[in-house]
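Asker: First the structure, which I've put down as structure tokens, then a few questions once you've had a look.
Chains as they are written, first to last, in the working numbering: chain W, 1 to 990; chain A, 1001 to 1201.
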């Protein structure tokens, strides 16, 4: 029983002013012991009350007092009332059982306890103590039901409201004003007994407050109203409403909802007619739907919809009954057409609220039960559709959204009615004038297709495909071209919904084939007559074909990204036909421009890649065999699996005498190959020998860029997948590629560049799997930098291969590559020091190399080396290559936007020189060719400059200010709109 | 600003739905065959760059072509300025509109004429709105443009007086010396960069 002895000792010590803090600490520790009984706790508490004069002690001592009370009551810590966490939490949980006694002991003191506690807590100002005090208060209010001392308690709680505490800078305790607000809010919302006292306070505080404090009042009200309950609120409802309606924004709306919910509690009849009043008032405002107050009125009505509960739909049902007919009447009698748009948007908002209420995850409400808009079905349909037909965007938009939300109400519209609305939406989708309406229509259709894809499949898609022209519009018919592009992009979005791809594949392919056959005929007619016109026509056709294929590609990619499983099954009727299309084009004697266009091959290749990657294993094995057979053996017949009138005999892509068109087929091959797994049970080839011969093909003879790129991808992908099998190939390239080609100044530049690029691609393939020879291969590039000359610049720029986006895509797990984590970090940890470490000797090549890869270097790495990187960025901004400048500026923008103390120092030190550089890049100079990237670099230099005032202290910028404003005066006169726009924004920031 | 003690001139003004953001996207006119051929591929070309998703705005380029400042561009500069009385833009209140702006790009005589319509004829804010427009254009247009700002004929009681005030250089400068007034103008201009994106509500 030593605990009791000690407790007695320390309790006695409380009357000695000097020893109070220590005695308190000891008691807090003792109180956590299981042997600390209820007698002791009461005694200790009484002694504190009698002897400790709170106001004569410092904060820390008072803190111990609160801790002691808190500990004594800590029984609540793990119970249903979660309280503010403190350091005592764990101990309290463990010893929970013991505390029950003290608690009952304290509780037995009853009003006595409450009265004395009020004395302790009165006048406390320190935030740490208050946090603890609030949580104690919360328990008292809930457990003691202290109605005798209610007013005292009310005073010591509400005197803090609203909290205006602002934490001092570097506050070691990390107490924010939000912590205090939340703790206080909990106290205020502890007991309904506060209501009569509290409501006037709330109302009084609500009216004059603004901004953050208004938000605090509103949020507190939202927390308190449900606790205070219907009876308490009733009397204040109309005053509260008057206050809320002046500015019904998000928080006020929440408070309003809480109020309505409290006024109309579940399962109780209610006689008050506040809601009726509110509705009347809103109706009055809605009589002028175009005015600014109609908006908040609509929000309030929507709030009423969401806040009414079963079985009391009073507010809801009567509101709809009153408001809808009024709106309909206004719509029809409105003399001014412009007012119809706002009316429709009110209707749309109301419908939206309804559909949200009915479709909320845990909602018990449904249209079947409430049927509140049942009577207005026809009227709604006709109004919304007439809005969509009106031809003015102001009506079309709300009409459209109203229609979509109407479709979203479960079990309301019949299938025919949905189809009716979909037809109207289709018209909006097809118009050309208003882009935002078209986008909205598309979004709407996507929403509807999530509910039911039938109307989309049966009405929208046939309509869209029907509008696609049979042949490409002529060059001057830009409007028609725009239309087919828009249709195709709409189709691409819609068909990415589950189950709609098949139709698209069939339609697009047949379009493509008919286009191709029409080209064939057309060419014969006027081949020689007017060659210029023919080229133009060819371009138009190719562009159309490209758009067709591209829409298919983006659909498939979307579906793959969304993880749909129905992609692979379209392989069978898509891939063979694509191969057929292009192989027959390449091998036939009559050249068909569509079938041999490299750009079309590229997009077809991407389709093949995207879809092959989703195949199941068995199918991949089969496909790989056929593929190898076709490209190695020259037998395409199985690959294209059609009747086989072409290509069956000896079309070898890699044979020396093959025409360019045939060689182009390597693009398709590459795409299929990079998407297949590299395992030897899928690809039955001798990798070493095969890659060697491929490389030889690549290095000898002249190939166009797409062909080269295709081979480079194969190399990277295959060495990644089969690294263990290609040892001798890697030895081979060491000699063949590096020694005799890259590092051989006597060779022609094209040859050397080809070799460097292949070298880096192979290195990248290896790098991704953390192969040991990857980094040495890459670093070797720097050996070339001493050479100087044009080749070196190209070599430096070719480091961009390491950052290439296509590489990122194909060297990924979904392309069956081996990807090791952190390979990028390894790369850049080696590369960046090599680039920036060279100090004085930094050549242009270093800058170019840095520019080529800088976009992909991890932020943190750049920031840690900022003092060295920044001067390089600055220097490179004066180089003539605008592409490079763009990269650098992008990184600079990123650096500026990061908040990092070290970076800040460097930036502030360099601010004025950076400003000068950026100005010289950003201001247009006459006589410099205005390429897209030059424009882009001007625009991004200006945008970058616009960040300065936000992140750099004014004192560092002041010296440059007048110069910047003056120079930007020239930039706002830039010949390009895009640049002017940035200049204007930047200037106004300065 | 809405909290001032003075009652609002117009407490419940009419709101106009904003039009699409800068709608100068497709004007097919006057392009050479070369540009048109480039345009054929443009759309998808940009998309391809960043995988799928919507590409950034493509820049159609014809070398040496100059994109002159036009009415739409000037309107874009002004449309998102906040009204001094309401948390709404001048576009939403139909104070300015694209059709009330005239731009002339004649060499040596570059001019911009803006007409604006106060929401009500006795609006005491008319001068302030005009001043705000003037400051915005002062900062955002090249100095070679001469800017005239007027109230739409018949839209205000003291139309002439306001017009005179707004186009008198010295009075404009004097007004901007007043730091309180400048503060209000800056407040209105704080949203000007949004160019059509709505504010408030």
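No residue lacks a Cβ here, since even glycine has one placed at the ideal position from N, Cα and C.
Since we're looking at a predicted model, the values are computed, not measured.
1. Ends of the alpha helix (DSSP H) at residue 72 of chain W?
2. So what does DSSP say about residue 194 of chain W, is it helix, strand or coil?
3. Name the DSSP beta bridge partners of residue 1104 of chain A, please?
4. On the CB-based measure, 16 or more other CB atoms within 10 Å of its CB, does residue 470 of chain W come out buried or exposed?
5. Find the nearest neighbour of residue 663 of chain W within the set W:934, W:25 and W:704, judged by alpha-carbon distance.
6. Nearest to residue 489 of chain W by alpha carbon, out of W:449, W:142, W:547 and W:533?
7. Could you round the C-beta distance between residue 396 of chain W and residue 355 of chain W to whole angstroms and report it? I think they count as a contact, below 8 angstroms.
8. Would DSSP call residue 13 of chain W helix, strand or coil?
9. Could you tell me whether any Cβ in chain W is nearer than 9 angstroms to the Cβ of residue 1139 of chain A?
10. Please check if any C-beta of chain W sits within less than 9 angstroms of the C-beta of residue 1131 of chain A.
11. Alpha carbon to alpha carbon, how far is residue 385 of chain W from residue 458 of chain W?
12. If you follow the beta strand (DSSP E) that residue 1148 of chain A is in, where does it begin and where does it stop?
13. Quick one: Cα of residue 1173 of chain A to Cα of residue 1186 of chain A, how far?
14. Closer than 9 angstroms, CB to CB, is residue 951 of chain W near chain A or not?
15. How should residue 973 of chain W be labelled, buried or exposed, when 16 other C-beta atoms within 10 angstroms of its C-beta is the threshold for buried?
16. My output table needs one value for residue 1116 of chain A: the three-state DSSP class, helix, strand or coil.
17. Step through the CB atoms of chain W and report whether any lies within less than 9 angstroms of the CB of residue 1192 of chain A.
18. Classify residue 1089 of chain A as helix, strand or coil using the three-state DSSP reduction.
19. Given that a residue counts as buried once 16 or more other Cβ atoms are within 10 Å of its Cβ, and exposed if not, what is residue 1007 of chain W?
20. Could you tell me if residue 159 of chain W is buried or exposed, where buried requires 16 or more neighbouring beta carbons within 10 angstroms of its beta carbon?
21. Check the Cβ of residue 1122 of chain A against every Cβ in chain W and list those closer than 7 angstroms, keeping chain order.
22. Count the other CB atoms, across all protein chains shown, that sit within 10 Å of the CB of residue 902 of chain W; report buried if there are 16 or more and exposed otherwise.
23. Can you give me the C-alpha to C-alpha distance between residue 292 of chain W and residue 1104 of chain A, rounded to a whole angstrom?
24. Name, in chain order, the residues that DSSP records as bridge partners for residue 1082 of chain A.
25. Among the residues of its own chain, which have a CB less than 6 angstroms from the CB of residue 35 of chain W, if the five just before and after it don't count?
26. Which of the three DSSP states, helix, strand or coil, is assigned to residue 32 of chain W?
27. On the CB-based measure, 16 or more other CB atoms within 10 Å of its CB, does residue 9 of chain W come out buried or exposed?
28. By the three-class DSSP mapping on this structure, what secondary structure does residue 291 of chain W have?
29. For residue 1052 of chain A and chain W, any beta-carbon pair shorter than 9 angstroms?
30. Can you give the beta carbon distance from residue 1149 of chain A to residue 1167 of chain A, rounded, assuming they're within the 8 angstroms contact cut?
31. Quick one: grab the DSSP three-state call for residue 236 of chain W.
32. Residues in the same chain with beta-carbon distance under 6 angstroms from residue 1182 of chain A, minus the five sequence neighbours each way, listed in chain order, please.
33. For the stretch 720-799 of chain W, list the alpha helix (DSSP H) runs that are entirely contained and at least 4 residues long, ordered along the chain.
34. Could you pull out every unbroken beta strand (DSSP E) segment of at least 3 residues lying fully inside the stretch 574-615 of chain W, listed in chain order?
35. On a Cα-Cα basis, can you pick out the residue from A:1189, A:1180, A:1074 and A:1094 that is closest to residue 1117 of chain A?
36. Pick helix, strand or coil for residue 324 of chain W, following the three-state DSSP scheme.
Answerer: Quick look at the numbers:
1. 59-72
2. helix
3. A:1111
4. exposed
5. W:704
6. W:547
7. That pair is no contact at about 20 angstroms.
8. helix
9. yes
10. no
11. 20 angstroms
12. 1146-1151
13. 15 angstroms
14. no
15. buried
16. strand
17. yes
18. strand
19. Outside the shown range of chain W (1 to 990) lies residue 1007 of chain W, about which nothing can therefore be said.
20. exposed
21. Simply none; closest approach about 18 angstroms.
22. exposed
23. 35 angstroms
24. A:1089
25. 3
26. coil
27. exposed
28. strand
29. Because residue 1052 of chain A sits at a pLDDT of 30, beneath the cut-off of 50, its placement in the model cannot be relied upon, and the following sentence gives the value as read from the coordinates. Judged by the 9 angstroms Cβ criterion, residue 1052 of chain A is in contact with chain W.
30. 7 angstroms
31. coil
32. 1176
33. 727-733, 749-768, 774-779, 781-784 and 790-797
34. none
35. A:1094
36. helix
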